[in-house]
Amino acid sequence: MATNDGQPGEKRQAYEKALPQLSLRVDDFSWQGICKDHPRLFFRRLREPQDNIFTDLLIGEMQPEIAVRLLAEFIRRTGPFSTNTVTARDISSAETSREATLAKYEQVTWMLTTALREVNVQVKSAMLDHREDKFDIHIVVSTRHW
Numbered sequence: 001m002a003t004n005d006g007q008p009g010e011k012r013q014a015y016e017k018a019l020p021q022l023s024l025r026v027d028d029f030s031w032q033g034i035c036k037d038h039p040r041l042f043f044r045r046l047r048e049p050q051d052n053i054f055t056d057l058l059i060g061e062m063q064p065e066i067a068v069r070l071l072a073e074f075i076r077r078t079g080p081f082s083t084n085t086v087t088a089r090d091i092s093s094a095e096t097s098r099e100a101t102l103a104k105y106e107q108v109t110w111m112l113t114t115a116l117r118e119v120n121v122q123v124k125s126a127m128l129d130h131r132e133d134k135f136d137i138h139i140v141v142s143t144r145h146w
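For the sequence shown, the working numbering assigns the number 1 to the initial residue and increments by one for each residue that follows.
This is the structure in structure tokens:
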């Protein structure tokens, strides 16, 4: 008699079924990822082809490991990158404490690099950049895209 315990494919299917549903909205300027069951989750990526800019990577109360899976789906659905730099814009303001800025940098960098790897984009490096009165993250990826 066959059992369904311990089969990797079955575990993955069960895990994916448990993921919340990500909906995609599009306007003239950006793609937005939202989740009906988690109203504080919000992803935004600008649509300008020369830029690979994320302006919002908000996960609310969602577990980061689940949010990263949804971010990978969002990246997959919004298409490949046109250059080898991915930017998360305005992660912190200049008035924010150094400790809080570095914590946000670590969180956003982990989310983006993990999601990028899930869609088979090789991450080469990440850096924090001070732009005017804000901080951005620039992630350099391989030129090979999915």
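Virtual Cβ for every residue (Gly too), placed ideally from N, Cα, C.
Nearest candidate by alpha-carbon position, reference G33, set R40, P39 and L24: Counting from 1 along the sequence shown, the entry for residue 33 is found at position 33. The shortest C-alpha separation from G33 is found at L24.
Beta-bridge pairing of K134 - partner residues as DSSP gives them: Locating residue 134 in the sequence shown gives position 134, counting from the first residue. The partner list for K134 (beta bridge, DSSP) reads S93 and R131.
For H138 and I59, the rounded distance between their alpha carbons: Position 59 of the sequence shown, counting from 1, holds the residue named residue 59. Position 138 of the sequence shown, counting from 1, holds the residue named residue 138. Using only the alpha carbons, I get a separation of about 20 Å.
Burial state of L57, where buried means 16 or more other Cβ atoms lie within 10 Å: Numbered from 1 along the sequence shown, position 57 holds the residue referred to as residue 57. That one is buried.
Cβ-based neighbour list, F81, same chain, cut-off 8 Å, excluding 5 preceding and 5 following: Position 81 of the sequence shown, counted from the start, is the residue given in the question as residue 81. Closer than 8 Å at Cβ, skipping near neighbours: N52, V121, V141 and H145.
Cβ neighbours of R47 in the same chain (closer than 7 Å, five flanking residues each side left out): Counting from one through the sequence shown, the residue named residue 47 turns up at place 47. Excluding residues within five positions, the ones whose Cβ falls inside 7 Å are F29, S30 and W31.
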